[in-house]
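With the first letter of the sequence shown counted as 1, position 193 gets the number 265 in the numbering used here; the numbers rise by one all the way through.
Beta carbons: idealized from backbone N, C-alpha and C, even for Gly.
Contents: one structure, followed by commentary.
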Amino acid sequence: MKRFLTEFSINHPWVVIVGVVLITALFAAQLPNIKIDTDPENMLEADEPARIFDHEVKDEFSLYDFIAVGLVVEEGAFNRKHLSHVYNIIDEVSEIEGVIVDDIMSPSTVDDIKQGDDGILTISTLLEYEPESDEDARYILGRIKDNPIFKGKLASDDGKAVAMFIPIESKNMSRSIADEIQTIIDKYSTADEQYFIAGLPLAEDSFGSEMFKQMAVSAPFAGAIIFLLMLIFFRNIKIILAPMVVAIISVIWAMGLLILTGNTVHIMSSMIPIFLIPIAVLNSIHIISSFHDRYQKYKHKKTTIRNTISELFIPILFTTVTTIVGFLSLALTPIPPVRVFGIFVAFGIFVAWFLSITFNAAFAVLISDRALRNFGRSDDSHGPLSWIMHVFRDFSRKHYKGILVGTAVILVVAAVGLNLIVVNDNPVKWFKQNHPLRVADRTLNKHLAGTYMNYLVLDGGEEDALKDPETLKYIEKLQRHLEKNDVVGAVTGVTDVVKKVRYELFNSDPAKFAIPDNQDEVAQNLFLFEISGGDPDDLFKFVTQDYSRANLWVQLREGDNESVMSVIDDAERYFEDNPPPVHLEAKWAGLPYVNVVWQEKMVGGMRSALLSSFAVVFIMMVFLFRSPLLGFISMLPLSITIMAIYAAIGYIGKPYDMPVAVLSSLTLGLSIDFAIHFIKRTKYIHEKTGNFNQTFPQIFEELGRAIGRNVLVIAIGFVPMFFSTLVPYITVGSFFFAIMMVSGAVTMLLLPSIFIIFRNRLFPAAEIVSEKSKKIAVTE
Numbered sequence: 073m074k075r076f077l078t079e080f081s082i083n084h085p086w087v088v089i090v091g092v093v094l095i096t097a098l099f100a101a102q103l104p105n106i107k108i109d110t111d112p113e114n115m116l117e118a119d120e121p122a123r124i125f126d127h128e129v130k131d132e133f134s135l136y137d138f139i140a141v142g143l144v145v146e147e148g149a150f151n152r153k154h155l156s157h158v159y160n161i162i163d164e165v166s167e168i169e170g171v172i173v174d175d176i177m178s179p180s181t182v183d184d185i186k187q188g189d190d191g192i193l194t195i196s197t198l199l200e201y202e203p204e205s206d207e208d209a210r211y212i213l214g215r216i217k218d219n220p221i222f223k224g225k226l227a228s229d230d231g232k233a234v235a236m237f238i239p240i241e242s243k244n245m246s247r248s249i250a251d252e253i254q255t256i257i258d259k260y261s262t263a264d265e266q267y268f269i270a271g272l273p274l275a276e277d278s279f280g281s282e283m284f285k286q287m288a289v290s291a292p293f294a295g296a297i298i299f300l301l302m303l304i305f306f307r308n309i310k311i312i313l314a315p316m317v318v319a320i321i322s323v324i325w326a327m328g329l330l331i332l333t334g335n336t337v338h339i340m341s342s343m344i345p346i347f348l349i350p351i352a353v354l355n356s357i358h359i360i361s362s363f364h365d366r367y368q369k370y371k372h373k374k375t376t377i378r379n380t381i382s383e384l385f386i387p388i389l390f391t392t393v394t395t396i397v398g399f400l401s402l403a404l405t406p407i408p409p410v411r412v413f414g415i416f417v418a419f420g421i422f423v424a425w426f427l428s429i430t431f432n433a434a435f436a437v438l439i440s441d442r443a444l445r446n447f448g449r450s451d452d453s454h455g456p457l458s459w460i461m462h463v464f465r466d467f468s469r470k471h472y473k474g475i476l477v478g479t480a481v482i483l484v485v486a487a488v489g490l491n492l493i494v495v496n497d498n499p500v501k502w503f504k505q506n507h508p509l510r511v512a513d514r515t516l517n518k519h520l521a522g523t524y525m526n527y528l529v530l531d532g533g534e535e536d537a538l539k540d541p542e543t544l545k546y547i548e549k550l551q552r553h554l555e556k557n558d559v560v561g562a563v564t565g566v567t568d569v570v571k572k573v574r575y576e577l578f579n580s581d582p583a584k585f586a587i588p589d590n591q592d593e594v595a596q597n598l599f600l601f602e603i604s605g606g607d608p609d610d611l612f613k614f615v616t617q618d619y620s621r622a623n624l625w626v627q628l629r630e631g632d633n634e635s636v637m638s639v640i641d642d643a644e645r646y647f648e649d650n651p652p653p654v655h656l657e658a659k660w661a662g663l664p665y666v667n668v669v670w671q672e673k674m675v676g677g678m679r680s681a682l683l684s685s686f687a688v689v690f691i692m693m694v695f696l697f698r699s700p701l702l703g704f705i706s707m708l709p710l711s712i713t714i715m716a717i718y719a720a721i722g723y724i725g726k727p728y729d730m731p732v733a734v735l736s737s738l739t740l741g742l743s744i745d746f747a748i749h750f751i752k753r754t755k756y757i758h759e760k761t762g763n764f765n766q767t768f769p770q771i772f773e774e775l776g777r778a779i780g781r782n783v784l785v786i787a788i789g790f791v792p793m794f795f796s797t798l799v800p801y802i803t804v805g806s807f808f809f810a811i812m813m814v815s816g817a818v819t820m821l822l823l824p825s826i827f828i829i830f831r832n833r834l835f836p837a838a839e840i841v842s843e844k845s846k847k848i849a850v851t852e
């Protein structure tokens, strides 16, 4: 296969190029059919129990995802002017398509429970008209604070903030609806008012749209940097065009096939280009580096290509296969978009390998001899890159024992750091600290009960189970227990309706603000709520119509995994320590909870995928080198890179989130690349020299420069991502940089040190040359 691909490519270059162009055109034609999906909920299978239950709860209790809008005025928001603005804003927001008008929660849309002048319970709109005076506005604040269903939710206790919760038909409408809301706000906003728009659906939808914009900038920018760096290294624009074309074609084929097979482009698969570009360039740089260092020796294109591919074919094949294994392992994860991502990145890597062997060779043959006259000048062996390689050579030769000891220390320190890793994520935190969504999230959660909503459904198993006073009292105690958690802003349920109705019936007597002792009175209070002008649908957001299931609204000030799980754990401990008076089955729903489920599944799936692919790659290395020892050695750069980088995450407190989890597969692919080339080509060099002391310095020449070019091109090429507006992109860029630098350094320092230690076993023909020799000698 090696001979056929090489000979066909260099003898029929136009056939290869035209064939590639035609296939590329076929895949490119699919790109306009792209279907985008930015909903993180689709990280779960359609039949995932948590997802199904979440939909069931929303259907049963008529619940919708919402956008949180807040007005903050430091001097106080409850006066005629500001509350009139709120009234008018909601009046116009009600006209926006996609807004569930009947379920808007704001002072001008919610129903207030109070006793009328005739002693009869009345339920009417809290802010039915624009306030006519500041006194009217302050009255509204008092009514909010006096109602457990609204307290802390619609207004802050100090009156500085007013909240409006806008339910929407679909999460993917949240960004467009938020833009329309902002337009309305701009009509009324004054200098002393601060408006904020937040909410988990908005964060998720906004990230999806901003991510595609960022990708449209980052991928080309990274490609341009890589192109310029290769131009600096190889100083021939015609030669370096081929690797860039290979990278672009690999992306087009992968994305084209993804779309052709009916897959949607999710948040994960949108990152395929940013993963493929560096991997696609790696093999090409190895080939061009070798061609660059040999062309002046042969001064014949076809001969140079034959010799280059002959030596590099097996290392490149195995680095490709191991990288493919790493990404294909993602197909074993329980997260559909991650599976799609892994499969099509693997396909793109295969395409990049095939084109690096065929297209690069065909393209090089067509370059004129005149254009290659100065290509691969001999002064490269004295350039800056060679100087760096010589530093590695001398340091590893003189301090190989210290390097081994240092590696052992790093592994111990890394093992401690790995135990410090915390799995945590929050889509809102995918934006930078100063992003308007982050600012809005911090501000509204500081003043109000929270912008994150989970639902705790308690199933009594039979009709009227939730009219039982003892059961309601138990639920009320559960509410108060959960509210002790700093993350929880408020827990609202049918208990609050019962208590509020009773409180108002008894002339606002604080002693009556409690669950009645008998079921008849409970039933009477609920019945009065329904017939007194209140919307029954409001009641049935907290309890089913047959009163068999209750729904607690658990409002959170933080949406991180850790925060959400702390509340869930609190509830579980309460149930264990305080068994309910009747059987109650508790289950969670809500966007924050669904996010926790898919994130935990992803982390567990990625861990299993990494371990399984690690084992497969080790077996492949043993097979490739026909030596368990060399197989083990080849895994060291990979192992140390993964441990060092992930330990650093533990030490600096960076959460183990979605980008970090997915990047473990990239670490495997890139780290093993250098080890395979280093070991395989060192053995190739040694077969020629027969003397380890001659082999040792040579591995830091052509081979060292090729690895060095790869390290620098990919690492520096992704530095622009450090300046992204999206945190996951910064994470990806940082990881690329760290992976290349750490794995490159480990390969060029640790592997030579190990070679020295085991030279008699690994290189049996080696002789120890004295230090007086002109050649570089290796000492004990």
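Status (buried if at least 16 other CB within 10 Å, exposed otherwise) for residue i
i, result
"Ser382", "exposed"
"Leu103", "exposed"
"Glu852", "The predicted model places Glu852 with a pLDDT of 36, which falls under 50 and marks its position as unreliable; any figure quoted below should be read in that light. Result: exposed."
"Ala562", "buried"
"Glu630", "buried"
"Trp670", "buried"
"Ala233", "buried"
"Lys369", "exposed"
"Ala838", "For Ala838, the pLDDT reaches just 45, beneath the cut-off of 50, and the residue's location in the model is therefore unreliable, leaving the point undetermined."
"His358", "buried"
"Ser428", "buried"
"Gly474", "exposed"
Per-residue DSSP class, three states only, for residue i
i, result
"Lys186", "strand"
"Tyr472", "helix"
"Gly561", "strand"
"Asn590", "coil"
"Phe268", "strand"
"Met73", "coil"
"Asp531", "strand"
"Ile31", "Because the chain is modelled from 73 through 852, residue 31 falls outside the range shown and cannot be assessed."
"Pro315", "helix"
"Ile840", "The predicted model places Ile840 with a pLDDT of 41, which falls under 50 and marks its position as unreliable, so this point remains unresolved."
"Thr197", "strand"
"Val654", "coil"
"Gln551", "helix"
"Thr239", "In the sequence as presented, Thr is not what sits at residue 239; that position holds Pro. Residue state, collapsed to three classes: strand."
"Gln627", "strand"
"Gly142", "strand"
For residue j and residue i, believed in contact at Cβ under 8 Å, the rounded distance
i, j, result
"Leu199", "Leu155", "7 Å"
"Val171", "Ile249", "6 Å"
"Ile399", "Val410", "According to the sequence displayed, residue 399 carries Phe and not Ile. About 10 Å separates the two Cβ atoms, so there is no contact after all."
Own chain, CB closer than 8 Å to residue i, minus 5 neighbours either side, in chain order
i, result
"Phe690", "Gly703, Phe704 and Met707"
"Ile717", "Thr739, Phe807, Ala810, Ile811 and Val814"
"Ser796", "Gln286, Ser290, Ile802 and Gly805"
"Ala296", "none"
"Ile751", "Phe697, Leu702, Ile705, Ser706 and Leu823"
"Ile829", "Tyr472 and Leu476"
Nonlocal neighbours in the same chain, by C-beta distance under 6 Å from residue i, ignoring five residues either side
i, result
"Phe503", "Leu509 and Arg510"
"Ile714", "Thr739"
"Ser205", "Arg152"
"Ser632", "According to the sequence as given, residue 632 is Asp; it is not Ser. Around Asp632: Asn496 and Asn498."
"Val615", "Leu538, Val566 and Ala622"
"Asp531", "Arg621 and Glu657"
7 Å CB neighbourhood of residue i in its chain, flanking five on each side removed
i, result
"Arg378", "Thr78"
(request) Inspect the CB distances between the region 801-812 and the region 776-789 and report whether three or more fall short of 8 Å. (result) yes
(request) Give a yes or no on contact between the region 302-312 and the region 534-543, applying the rule of three or more CB pairs nearer than 8 Å. (result) no
(request) Please determine if the region 189-196 and the region 598-612 are in contact, where contact requires at least 3 C-beta pairs separated by less than 8 Å. (result) yes
(message) Three Cβ pairs or more, each shorter than 8 Å: is that satisfied between the region 315-329 and the region 814-833?
(response) no
(request) Take every Cβ of the region 170-188, pair it with every Cβ of the region 570-581, and state whether three or more of those distances are shorter than 8 Å. (result) yes
(request) Examine the Cβ distances between the region 453-467 and the region 390-409 and report whether three or more of them are shorter than 8 Å. (result) no
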